[in-house]
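Engineer: I am attaching a structure below and will ask some questions about it afterwards.
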Amino acid sequence: MIKSIEVRNFRGIKECKIGDFALVNVFVGENGSGKSIVLDAVYLVCKDILRQNELQQILKRRGTKRSW
224 MIKSIEVRNF RGIKECKIGD FALVNVFVGE NGSGKSIVLD AVYLVCKDIL RQNELQQILK
284 RRGTKRSW
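Taking the numbering used here, the leading residue of the sequence shown gets 224, the next gets one more, and so forth.
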């Protein structure tokens, strides 16, 4: 489980630290505030750690439908 993340110099984010993740997290903010960029950063790290098939199985168990 991800407990915290730090994003630096990725797309429009110079520096971002988020801690104290729970099993369910909600990112709320105005359009263009960087919510999707943070999720993209998490995805890029996860896809390098997990094989593609393992990531698909995790998302499937969580009820997320995506085509990779």
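Ideal Cβ placement from N, Cα and C applies to all residues, glycine included.
Suppose you measure from the CA of Asn-248 to the CA of Ile-225; what does that come to, to the nearest Å?
Structural biologist: 11 Å
Engineer: By Cβ distance below 6 Å, which residues in the same chain neighbour Cys-239 in space, the five residues on each side in sequence not counted?
Structural biologist: Within the same chain, Cys-239 has close Cβ partners Val-230.
Engineer: List the DSSP bridge partners of Cys-239.
Structural biologist: The partner list for Cys-239 (beta bridge, DSSP) reads Val-230.
Engineer: Do you know offhand how far Gly-257's Cα is from Cys-269's?
Structural biologist: 19 Å
Engineer: Express the C-alpha separation of Gly-255 and Ile-236 in angstroms, rounding to a whole number.
Structural biologist: 11 Å
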